[in-house]
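Visitor:
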Amino acid sequence: MEENLLQIKNDALSLIFETEDPKSLEELKLQFLGRSGRLTLAFKEIAGLPLEKRAEIGKLGNEIKKVIEDAIADRAMELKKSAQKKQKNNLDITNPGIKPPLGHLHLVTQAIEEITSIFEKIGITRVRYPEVEWDYYAFTALNFPANHPARDDWETFFTTDNTDSKKGQIVLTPHTSNGQVREMEKAVEESKKTKMPINIRMLNIAKCYRRQSDVSHTQMFHQFEGLVVGKNISISHLKGVLEYFVKSYFGEKREFRIRPYHFQFTEPSFEIDVTCGVCLGKGCKLCKAGWLEMGGAGMVHPNVLNYGKIDPTIYTGFAFGWGVERVLMMKEGIEIDDLRLLYSNKLEFLEQF
Amino acid sequence: MDIKILDSHLREHLQTNAKPTDIARVLSLTSASIERVEKFGASTDFVYSVEITTNRPDMVSVRGIAREAATVLPQFGFSAKLLPLDLKVPKLETKDKLTIDIKNDPKLVYRICAVIMEVEMKDSPKYIKERLEAAGIRSLNNIIDVTNYIMLEMGHPSHVFDYDRLHTKRLIIRESKKGEKVVTLDKKEHTLLGGDIIADNGKGEIIDLLGVMGTLNSVVTNNTKRILFFLDNNDPWKIRKTSMGLAIRTEAAALNEKGVDAELAYNALLRGVEIYKKDANAKVASDIIDIYPKKNKPTTIKTTGKKISQSIGVEVPVKKSVEILKSLGFDVKGAGDVLYATPPTWREKDVTIEEDLVEEVARVYGYHNIPSKLPTFDRATYYHLDKSQFYWEQKIKNALRDWGFTEVYTYSLVAKNLLTNPLEKVVTLRNPLDEEHVYLRTGLSTSLAAVLQENKIMENVCIFELANVYKKQVKVLPKEILTLGILIKGKMQNGETVNFYHAKGIVEEVAVILGVKNLKFYEHLENKTGAYVNIGDEELGEITIFDNIDGKGVIVELNFDLLRTHANAKKTYTPLPKYPPVVEDITIVVEPNIKTGDIIDTIKKQSSLVNEVILSGTYQNSRTFHILYLDKNKNLTTEDVAKIREKITKILSEKFSAVVK
Numbered sequence: 012m013e014e015n016l017l018q019i020k021n022d023a024l025s026l027i028f029e030t031e032d033p034k035s036l037e038e039l040k041l042q043f044l045g046r047s048g049r050l051t052l053a054f055k056e057i058a059g060l061p062l063e064k065r066a067e068i069g070k071l072g073n074e075i076k077k078v079i080e081d082a083i084a085d086r087a088m089e090l091k092k093s094a095q096k097k098q099k100n101n102l103d104i105t106n107p108g109i110k111p112p113l114g115h116l117h118l119v120t121q122a123i124e125e126i127t128s129i130f131e132k133i134g135i136t137r138v139r140y141p142e143v144e145w146d147y148y149a150f151t152a153l154n155f156p157a158n159h160p161a162r163d164d165w166e167t168f169f170t171t172d173n174t175d176s177k178k179g180q181i182v183l184t185p186h187t188s189n190g191q192v193r194e195m196e197k198a199v200e201e202s203k204k205t206k207m208p209i210n211i212r213m214l215n216i217a218k219c220y221r222r223q224s225d226v227s228h229t230q231m232f233h234q235f236e237g238l239v240v241g242k243n244i245s246i247s248h249l250k251g252v253l254e255y256f257v258k259s260y261f262g263e264k265r266e267f268r269i270r271p272y273h274f275q276f277t278e279p280s281f282e283i284d285v286t287c288g289v290c291l292g293k294g295c296k297l298c299k300a301g302w303l304e305m306g307g308a309g310m311v312h313p314n315v316l317n318y319g320k321i322d323p324t325i326y327t328g329f330a331f332g333w334g335v336e337r338v339l340m341m342k343e344g345i346e347i348d349d350l351r352l353l354y355s356n357k358l359e360f361l362e363q364f
Numbered sequence: 002m003d004i005k006i007l008d009s010h011l012r013e014h015l016q017t018n019a020k021p022t023d024i025a026r027v028l029s030l031t032s033a034s035i036e037r038v039e040k041f042g043a044s045t046d047f048v049y050s051v052e053i054t055t056n057r058p059d060m061v062s063v064r065g066i067a068r069e070a071a072t073v074l075p076q077f078g079f080s081a082k083l084l085p086l087d088l089k090v091p092k093l094e095t096k097d098k099l100t101i102d103i104k105n106d107p108k109l110v111y112r113i114c115a116v117i118m119e120v121e122m123k124d125s126p127k128y129i130k131e132r133l134e135a136a137g138i139r140s141l142n143n144i145i146d147v148t149n150y151i152m153l154e155m156g157h158p159s160h161v162f163d164y165d166r167l168h169t170k171r172l173i174i175r176e177s178k179k180g181e182k183v184v185t186l187d188k189k190e191h192t193l194l195g196g197d198i199i200a201d202n203g204k205g206e207i208i209d210l211l212g213v214m215g216t217l218n219s220v221v222t223n224n225t226k227r228i229l230f231f232l233d234n235n236d237p238w239k240i241r242k243t244s245m246g247l248a249i250r251t252e253a254a255a256l257n258e259k260g261v262d263a264e265l266a267y268n269a270l271l272r273g274v275e276i277y278k279k280d281a282n283a284k285v286a287s288d289i290i291d292i293y294p295k296k297n298k299p300t301t302i303k304t305t306g307k308k309i310s311q312s313i314g315v316e317v318p319v320k321k322s323v324e325i326l327k328s329l330g331f332d333v334k335g336a337g338d339v340l341y342a343t344p345p346t347w348r349e350k351d352v353t354i355e356e357d358l359v360e361e362v363a364r365v366y367g368y369h370n371i372p373s374k375l376p377t378f379d380r381a382t383y384y385h386l387d388k389s390q391f392y393w394e395q396k397i398k399n400a401l402r403d404w405g406f407t408e409v410y411t412y413s414l415v416a417k418n419l420l421t422n423p424l425e426k427v428v429t430l431r432n433p434l435d436e437e438h439v440y441l442r443t444g445l446s447t448s449l450a451a452v453l454q455e456n457k458i459m460e461n462v463c464i465f466e467l468a469n470v471y472k473k474q475v476k477v478l479p480k481e482i483l484t485l486g487i488l489i490k491g492k493m494q495n496g497e498t499v500n501f502y503h504a505k506g507i508v509e510e511v512a513v514i515l516g517v518k519n520l521k522f523y524e525h526l527e528n529k530t531g532a533y534v535n536i537g538d539e540e541l542g543e544i545t546i547f548d549n550i551d552g553k554g555v556i557v558e559l560n561f562d563l564l565r566t567h568a569n570a571k572k573t574y575t576p577l578p579k580y581p582p583v584v585e586d587i588t589i590v591v592e593p594n595i596k597t598g599d600i601i602d603t604i605k606k607q608s609s610l611v612n613e614v615i616l617s618g619t620y621q622n623s624r625t626f627h628i629l630y631l632d633k634n635k636n637l638t639t640e641d642v643a644k645i646r647e648k649i650t651k652i653l654s655e656k657f658s659a660v661v662k
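Protein chains in written order, with the working numbering: chain A, 12 to 364; chain B, 2 to 662.
#1: Relative to the C-alpha of residue 366/B, which residue among 27/B, 4/B and 13/B is closest?
#2: From the DSSP output, which residues share a beta bridge with residue 114/B?
#3: Can you confirm whether residue 215/A, when its beta carbon is compared against all beta carbons of chain B, has any partner nearer than 8 Å?
#4: What residues are listed by DSSP as bridge partners for residue 483/B?
#5: Can you name the residues of chain A whose CB is closer than 8 Å to the CB of residue 191/B?
#6: Note down the Cα distance separating residue 265/A from residue 115/B, rounded to an integer number of angstroms.
#7: Using 8 Å as the threshold, is the C-beta distance between residue 227/B and residue 165/B below it?
#8: Across which residues does DSSP place residue 88/A in a beta bridge pair?
#9: May I ask you to verify whether the stretch 553-573 of chain B touches the stretch 487-501 of chain B, counting CB pairs closer than 8 Å and requiring at least 3?
#10: According to DSSP, simplified to helix, strand and coil, what is residue 572/B?
#11: Can you have a look at residue 88/A and say buried or exposed, based on whether 16 or more other CB atoms are within 10 angstroms of its CB?
#12: Between the Cα of residue 347/B and the Cα atoms of 157/B, 242/B and 456/B, which residue gives the shortest distance?
#13: Can you name, in chain order, every residue of its own chain whose Cβ lies under 7 Å from the Cβ of residue 18/B, other than the five neighbours on each side?
#14: Ends of the beta strand (DSSP E) at residue 299/B?
#15: Ignore the nearest five residues each way along the sequence and tell me which others in residue 130/B's own chain have a CB closer than 7 Å to its CB.
#16: For the alpha helix (DSSP H) containing residue 8/B, name the first residue and the last one.
#17: Ordered along the chain, which non-local residues of its own chain (more than five positions away) have a Cβ less than 6 Å from that of residue 281/A?
#18: Pick helix, strand or coil for residue 271/A, following the three-state DSSP scheme.
#19: Identify which residue in 304/A, 13/A, 215/A and 330/A has its Cα closest to the Cα of residue 313/A.
#20: Any residues in the stretch 300-321 of chain B with a beta carbon nearer than 8 Å to a beta carbon of chain A? Which ones, in chain order?
#21: Short of 7 Å Cβ to Cβ, which residues in the stretch 251-272 of chain A face chain B?
#22: Report yes if the CB atom of residue 571/B is closer than 8 Å to the CB atom of residue 516/B, and no otherwise.
#23: Could you pull out every residue in the same chain whose Cβ sits closer than 8 Å to the Cβ of residue 254/A, ignoring the five residues on either side in sequence?
#24: Chain B partners of residue 310/A, CB-CB under 7 Å?
#25: Residue 605/B: which of 357/B, 343/B and 649/B sits nearest, CA to CA?
#26: CA-CA distance, residue 664/B and residue 151/A?
#27: What does the alpha-carbon distance come out to for the pair residue 45/A and residue 93/A?
#28: List, in chain order, every chain B residue whose beta-carbon is nearer than 9 Å to that of residue 152/A.
#29: Quick one: complete beta strand (DSSP E) runs, 3+ long, within the stretch 275-320 of chain A?
#30: Which residue wins for smallest C-alpha separation from residue 630/B, given the options 612/B, 322/B and 76/B?
#31: For residue 363/A, which residues in chain B fall below 7 Å Cβ to Cβ?
#32: Rounded to the nearest angstrom, what separates residue 237/B and residue 59/B at their Cα positions?
#33: Just to confirm my understanding: we take residue 90/B, look at its own chain, exclude 5 residues before and 5 after, and list those with CB closer than 7 Å. What are they?
#34: Counting pairs of beta carbons, one from the stretch 48-57 of chain B and one from the stretch 246-257 of chain B, are three or more of them closer than 8 Å?
#35: Give the residues of chain A in contact with residue 407/B, contact being defined as C-beta atoms less than 7 Å apart.
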């Protein structure tokens, strides 16, 4: 009997160690410990032994049962570990990921969103005015004399629509500055209603159009126009907003400078340069002695305030109008060699961003 | 305007201890941008590339830059002085005095300075050749080169006629008539537009296109012995019109159209004579002609120290302002805080109001010396998320991106073949740049389809654009309607081949994002397949299915302005159900012409306990509906549901002859 039990133990242990998969391990468990398993049957035999032997053999049987149970549990654990290891070896983390569908916003949209949020933080918020505009808002009210070159057929697009006796021809606005006097008219109305002083903090972002097309110009482009009007607004404020924008948008390593310039609707007028993102001001092929032109700005011309029905002896203001595409391309890493690529809509290009 | 000048030339007029790079930096910050300072060839000289704004024609010359530099350099700690011109008025040097009869029109030409000289034609000396070359002007001979040299040095354009080719010895200044013809000195024939400033020889022949370019019949030739050296100061706008209209973009025209100081003309003439004498052995053969009917008088401008300081945003002492203005050639008078400033003649067109004086003071004071301040917040306009058009635009763009769409920007200007409306309803450009961009589009679908042409290689395309379309109106500006266009070709990002239902699903989800309710779909009545979409009674847009050379797919066009006016950011809370719903599927067989929408409506009407009905599957003529029954107040029993189901089964077979499986 004793031999029989030991034989069962040996058989069980050797079979357990030879087992390579959890399924046959389960089968072994049944084969030995199941209702009609070999050990279970052996226990039944123990019941038939003489009383004095029964206790001793019974004890041995129980010990063997525990040994077999432990061996099965250990082997099961081992098999599980080696399965995991095997699985891990099958994982190739260099295979491409399965991606959720993700599209792309156009670079110009991304730039507009960034610019909008930068200005919003200092209380200059976005508005929208017509792209197809009266000559009055695009030129006359901005202090452009009747014979100014910008009003030539060579520079601005005119429509064949009828001319209005007061507002003139209908043009495709060549700049976002058409929003200036419109915004002033709105502010004057508001001020009448609220009996509060005029306080303009405008950001006008829109499509603009000019009659030119080459590597750095497209017939359609985007500008963002800032207009701030209030009491005692000075060049110093313009410089503050400018510095805030340049450092926010281009990063703190980039410097800027203000140069005198000439525009009809501002006096004084400025041209703003920012140091080149490639050479950071040292001078390289992509820039002019370390500088890149960002765009124009200036103090609102008193004639323009007058057109907007705002008294220039009480209020002053500043304005700037910069190209969205321009600032985008001045950003580090986006030196696109042909601006027309932005509107060619080659998906290979758009999907880069 | 851009000019290039040599450092050695500049220093003939400017005495300074500033190095070329210093001059470039200081001028850039205060007056005109020096884009580059480079070594000139193999010499020790430097070339400055100067960009001058249109309001500063007084700086488009060596002398003009020297004058400005002499003012601004001392502000930066350099010594600088403008060297005086030592010009003598020449006397008659020939036996016979020659004459020319000039009849001016003072409305067209403000000043004429002229003189006749006997000359010897040869090559120009080295210094003139070099300076012209540096400026990008080709040297021809010592007679013609002087005209360019004088413009470069003094800033006033000039011209030489062959005196002997002026057969009538008469110059009558008049406006051209439309259709008159001239041959310019570059041997090109031009038909005049009318209103050009020309010189007539008294016989109706045009012998000069003033301020723009000489004519072939009167210019100097290799045989020229006697010249009429001629400086004309013209109406800038007329010059611009002629130059642009005839596409003759000469340096002289570019300068003349900006308005040149008439005071310059006389000194420029004298300087020219001086050079002709030196380099062409010239002998003065006439009196100096100076026709100057009306001198301009610069306006005196009143301002205050307070105004200047307030505009700049920093306290500038009155003494400092006066000093700066005087250094720029202004005549300044005043007492206490009040100033009366009169600009010099060369700035009279540019400086006319108080703000111009602020600019003069500020730029010389130095923009880099002005502190940066942010404007303060006095108050702000109230902001309501749901009223902000930009909020909704951004939200929908982000959603489409997250669904796998790529945003495109196509031109609002399109060619005729991309138009979707009859010509008379389309805003048209009078002066398009090319044939591809002539009309303002009335829809986005053709522009999006054109993107497919650009990307033929791509089998699957998911794109969208949010842009204006334009509706022509009478007597008012065209209506700009912000439109959402979506195009899908081939397979969606999830691998399914696109069909009408994907497009419909997108429209429905767009509405959900915007909180827009009451969407209605109507079948296309025309030959197109697809649907019109409404919000209630208002037309929102359409879904079109295409199957053509571009491929197979769908296009959606929605009026985004309308969507936005119905947009709603309001969130409402519905208490979660306390009792579980009962869910069951009903499968019916019906004719294909029965609309699923009608079946769903009918099922819903049978009981208020029918909470939701969804078409969960179709197979041949059978359709399976997923019905969710829910009672907010109690647990539904099998009997409750059975009763409703019976009702549904009955009505479906009565109304739609449906066979319930």
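Where is the CB? At the ideal position from N, CA and C, for every residue including glycine.
Guide: Once the coordinates are examined:
#1: Nearest neighbour of residue 366/B by Cα position, chosen from 27/B, 4/B and 13/B, turns out to be 27/B.
#2: Per DSSP, 232/B and 291/B.
#3: Contacts with chain B at 8 Å (Cβ-Cβ) do not include residue 215/A.
#4: DSSP output for residue 483/B lists 469/B as bridge partner(s).
#5: By Cβ distance, chain A contributes nothing, its closest Cβ being about 17 Å from residue 191/B, past 8 Å.
#6: Roughly 53 Å between the two C-alpha positions.
#7: Closer than 8 Å, so yes.
#8: According to the DSSP secondary-structure assignment, residue 88/A is paired through a beta bridge with no residue.
#9: With three or more CB-CB distances shorter than 8 Å, the stretch 553-573 of chain B counts as touching the stretch 487-501 of chain B.
#10: DSSP places residue 572/B outside both helix and strand once states are collapsed to three, so it counts as coil.
#11: With a 10 Å radius around the Cβ and a threshold of 16 neighbouring Cβ atoms, residue 88/A comes out exposed.
#12: Residue 347/B has its Cα closest to that of 157/B, out of 157/B, 242/B and 456/B.
#13: Setting aside the 5 residues that flank it on each side, residue 18/B is surrounded in the same chain by 79 and 80, each with a C-beta closer than 7 Å to its C-beta; the list follows chain order.
#14: Run containing residue 299/B: none; DSSP gives neither H nor E here.
#15: Non-local C-beta neighbours of residue 130/B in its own chain, meaning closer than 7 Å and more than five positions away in sequence, comprise 140, ordered along the chain.
#16: Boundaries of the alpha helix (DSSP H) around residue 8/B: 8-11.
#17: Correct list, in chain order: 269, 272, 308 and 309.
#18: Three-state DSSP puts residue 271/A in a strand.
#19: Selected option, being the one with the closest Cα: 330/A.
#20: Within the stretch 300-321 of chain B, the residues whose Cβ lies closer than 8 Å to some Cβ of chain A are 311, 312, 313, 314 and 315, listed in chain order.
#21: Going along the stretch 251-272 of chain A in chain order, one finds 251, 252, 254, 255, 268, 269, 270, 271 and 272 with a Cβ nearer than 7 Å to chain B.
#22: Their beta carbons are under 8 Å apart, which means residue 571/B touches residue 516/B by this criterion.
#23: So the qualifying residues of the chain are 267.
#24: Here the neighbours are 312 and 356.
#25: Distances from the alpha-carbon of residue 605/B to those of 357/B, 343/B and 649/B put 649/B closest.
#26: An answer regarding residue 664/B cannot be provided, because it is not within the stretch 2 to 662 covered by chain B.
#27: Looking at the backbone, the Cα of residue 45/A and that of residue 93/A are separated by about 26 Å.
#28: What residue 152/A touches in chain B: nothing, since even the nearest Cβ is about 15 Å away.
#29: The DSSP assignment places 277-286 and 302-311 as complete runs of the beta strand (DSSP E) inside the stretch 275-320 of chain A, in order along the chain (cut-off: 3 residues).
#30: Comparing alpha-carbon positions, the option among 612/B, 322/B and 76/B lying closest to residue 630/B turns out to be 612/B.
#31: Those do not exist, as residue 363/A stays about 11 Å from chain B at its closest Cβ, beyond 7 Å.
#32: Their Cα atoms are separated by approximately 14 Å.
#33: Correct list, in chain order: 271 and 289.
#34: No, the stretch 48-57 of chain B is not in contact with the stretch 246-257 of chain B.
#35: Residues of chain A with a Cβ closer than 7 Å to the Cβ of residue 407/B are, in chain order, 114, 115, 358, 361 and 362.
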